[in-house]
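To start, the structure under review is shown below, and the notes come after it.
Numbering (full-length UniProt numbering), first residue to last: 1 to 65.
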């Protein structure tokens, strides 16, 4: 999952932040669709950790919005 997000960073730097959110949302939906419901809490937790990490590395939530 982290690799997919890192790959996103190496794409065009001109992407709008909204499309970054759309990418993460689509990625989350794919993980949820491909895995059994019993694992969804772990997937959501991993995405929450990822978002916290991204926000701290970018200097805060305002940079992601």
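Built from N, CA and C at the ideal position, the CB exists for glycine as well.
Where residue i falls, given that 16 or more other Cβ within 10 Å makes a residue buried
i	result
residue 24	buried
Residues of its chain near residue i, where Cβ-Cβ distance is below 6 angstroms and the 5 sequence neighbours each way are ignored
i	result
residue 47	28
Neighbourhood of residue i by C-beta, 7 angstroms cutoff - its chain only, sequence neighbours within 5 removed
i	result
residue 40	32
residue 35	43
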